[in-house]
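Q: Chains as they are written, first to last, in the working numbering: chain G, 1 to 173; chain A, 174 to 346; chain F, 347 to 519.
1. Say whether chain G places a C-beta atom closer than 9 angstroms to the C-beta of residue 500 (chain F).
2. Comparing alpha-carbon positions, which option in G:148, G:95, G:157 lies nearest residue 375 (chain F)?
3. With respect to the alpha helix (DSSP H) encompassing residue 185 (chain A), which residues constitute its N-terminal and C-terminal limits?
4. Mind checking whether residue 362 (chain F) and residue 189 (chain A) have CB atoms under 9 angstroms apart?
5. Taking all protein chains shown into account, do 16 or more other C-beta atoms lie within 10 angstroms of the C-beta of residue 169 (chain G), making it buried, or fewer, making it exposed?
6. Would residue 137 (chain G) and residue 106 (chain G) be called neighbours here (beta carbons separated by less than 9 angstroms)?
7. Counting only C-beta atoms, is residue 377 (chain F) closer than 9 angstroms to chain A at any point?
8. Establish whether the CB of residue 372 (chain F) and some CB of chain G are separated by less than 9 angstroms.
9. Sort out for me which residues DSSP pairs residue 297 (chain A) with in a bridge.
10. List the endpoints of the continuous alpha helix (DSSP H) containing residue 254 (chain A).
11. Which class does residue 332 (chain A) belong to by DSSP, given the choice of helix, strand or coil?
12. Would the beta-carbon of residue 391 (chain F) be found less than 8 angstroms away from any heavy atom of the ligand ZN?
13. Between the stretch 275 to 289 of chain A and chain F, which residues of the former have CB atoms less than 7 angstroms from a CB of the latter, in chain order?
14. In chain F, which residues lie less than 7 angstroms from residue 267 (chain A) when you measure between Cβ atoms?
15. Among the candidates G:164, G:102, G:111, whose CA atom is the shortest distance from the CA of residue 119 (chain G)?
16. Hey, residue 36 (chain G) and residue 72 (chain G): beta-carbon distance below 9 angstroms or not?
17. From the DSSP secondary-structure annotation, give me the bridge partner or partners of residue 139 (chain G).
18. Residue 213 (chain A) CB to nearest chain F CB: under 9 angstroms?
19. Name the one or two DSSP bridge partners that residue 181 (chain A) has.
20. Let me see if you follow: with CB-CB separation under 9 angstroms, is residue 83 (chain G) close to chain A or not?
21. Mind pulling the chain F residues with CB within less than 9 angstroms of residue 147 (chain G)?
22. Using 8 angstroms for Cβ pairs, my map puts residue 420 (chain F) next to residue 395 (chain F). What's the rounded Cβ distance?
23. Would residue 242 (chain G) and residue 129 (chain G) qualify as a contact pair, given that the criterion is a beta-carbon distance under 9 angstroms?
24. In the DSSP output, which residue or residues are listed as bridge partners for residue 319 (chain F)?
25. Based on Cα-Cα distance, which residue from F:425, F:443, F:438 lies nearest to residue 194 (chain A)?
26. Just how far apart, CA to CA, sit residue 192 (chain A) and residue 378 (chain F)?
27. Per the DSSP calculation, residue 115 (chain G) is bridged to which residue(s)?
28. Does DSSP classify residue 500 (chain F) as helix, strand or coil?
29. What in chain G is Cβ-close to residue 186 (chain A), meaning under 7 angstroms?
30. Under 9 angstroms, Cβ to Cβ, is there at least one residue of chain F near residue 19 (chain G)?
31. Whose C-alpha, out of G:78, G:79, G:104, G:93, is nearest the C-alpha of residue 9 (chain G)?
32. Within the same chain, show all residues whose beta-carbon is closer than 6 angstroms to that of residue 7 (chain G), passing over the 5 residues directly before and after it, in chain order.
33. If residue 437 (chain F) sits next to residue 131 (chain G), beta carbons under 8 angstroms apart, how far is it from one beta carbon to the other, in whole angstroms?
34. Using a Cβ-Cβ cutoff of less than 7 angstroms, which residues in the same chain neighbour residue 312 (chain A) once the five nearest sequence positions on both sides are dropped?
35. If you draw a straight line from the C-alpha of residue 11 (chain G) to the C-alpha of residue 358 (chain F), how long is it?
36. So, is the C-beta of residue 16 (chain G) closer than 9 angstroms to a C-beta in chain F?
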């Protein structure tokens, strides 16, 4: 937000088309994640992507985990959480994007979001239901817009008491 | 998806405007359905529309019903489900469209979706809450984009035990 | 809707860009409200904005309150509801906009919406969960699209029995 804005040479049609392509890559990520197409998950991100969303469900700051860096590490991290030893059904929805081009090949985006997760803890169904905003940056690489950075701020998160027990069952975690 | 892609002659502005018009017809369908304006429901679809969404709430494949074909049949089918002998309050939301023009007059679209249905079963309120993706195709007819095909894949559906009892009360069903 | 439509001189790219800017101001309002940035709330509306959404949660028409008129009055009203003596956590989501330009500097918009509110009533957590459609108009003032009018129609509202008790605790209400 405080970076100097580069000159944008795109005409109005090109600008709107760029915003559409950014919205498409955001949409594809959520769909790929919720339908567990892990082979495609990395490819919507830049090679050097940084994600700070892990642990954003916990309100205890000291329990938050460090950023995940790199396309392959990110794919392994999310696959470990959602599709490791404990399978988790997930629904992630994104709303009302505010996309700002910061140059012809870079942009920022803020999206309202809601996520739901479910897993079977023996005979108990565990559930998380969260609300917040994704804050992302995008970069155009070889003509394709990709996600370069993501963090998540929360308005509220509700969970069943045993929801985070899945971590103790998951070697990746 | 495997069809050969026709040449697209639209310029960038026309392409983005086409995508907007497609998003508008999708939005109008959900609003018309949830506000029960049945006289307008057919008109957002092509005459030969095919819908395979009926029965998408049930996980038993053998219980799925065949496609509904044609604008008038589709309107009667959905009105029968939502506004027949048993009135059903419905909320359908669509998110993060991925629209792809396949020619100047045809397109495909995938939308994340969430639906909620409620009806009164005597003193019990029955409820369905589902999540998934709409997969649609669109066709431009006489200058207007219309929905030509729709199916629905599900991530999860929760219902109260008696939710589907309304079918036994509805002659249309 | 029945006003005579002014001539639109914007070209296709400018029209789509205008629609994007309108969507951005809608998105910003919800984000500013849910993150309680009251100093910024007025600025996304015209000076003479009219809001008829207050009391839209109640089904008893006689209990509905009059329109709030003006940027500053609107900000005080919403701050009083959500961030007065009784703090309320809120999540407002808007979906599938249908934006129509009615001139180069005016537009209408309909959005599907869902809202959730929570507050602590002693040891009870009170909750409202609603669904409906925002109906807005927009006006371009000094080159910036702003919200000029808003009302809300409801499909359904669920609340805990004591939800509206916060009003008796709030001098602003």
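Using N, Cα and C, we set each Cβ at its ideal position, and we do this for glycine too.
A: The relevant details are as follows:
1. no
2. G:95
3. 185 to 207
4. yes
5. Exposed, because fewer than 16 other Cβ atoms sit within 10 Å of the Cβ of residue 169 (chain G).
6. yes
7. no
8. yes
9. A:294
10. 244 to 256
11. strand
12. As far as ligands go, the structure on display features none, and thus does not contain the ligand ZN.
13. none
14. 441, 442
15. G:164
16. No, the Cβ-Cβ distance between residue 36 (chain G) and residue 72 (chain G) is not below 9 angstroms.
17. G:106, G:146
18. no
19. Paired residue(s): none; residue 181 (chain A) is not in a bridge.
20. no
21. Neighbours of residue 147 (chain G) on chain F: none; closest Cβ ~19 angstroms, over 9 angstroms.
22. Right, their Cβ atoms sit about 6 angstroms apart.
23. In the structure displayed, chain G extends from 1 to 173; residue 242 (chain G) sits before or after that span and is not available.
24. The structure shown does not extend to residue 319 (chain F), since chain F spans only 347 to 519, so no value can be given for it.
25. The candidate whose alpha carbon is nearest that of residue 194 (chain A) is F:443.
26. 28 angstroms
27. G:92, G:130
28. Strand at residue 500 (chain F).
29. 13
30. yes
31. For the residues G:78, G:79, G:104, G:93, the minimum Cα distance to residue 9 (chain G) belongs to G:104.
32. none
33. 5 angstroms
34. 219, 278, 279, 319, 321
35. 12 angstroms
36. yes
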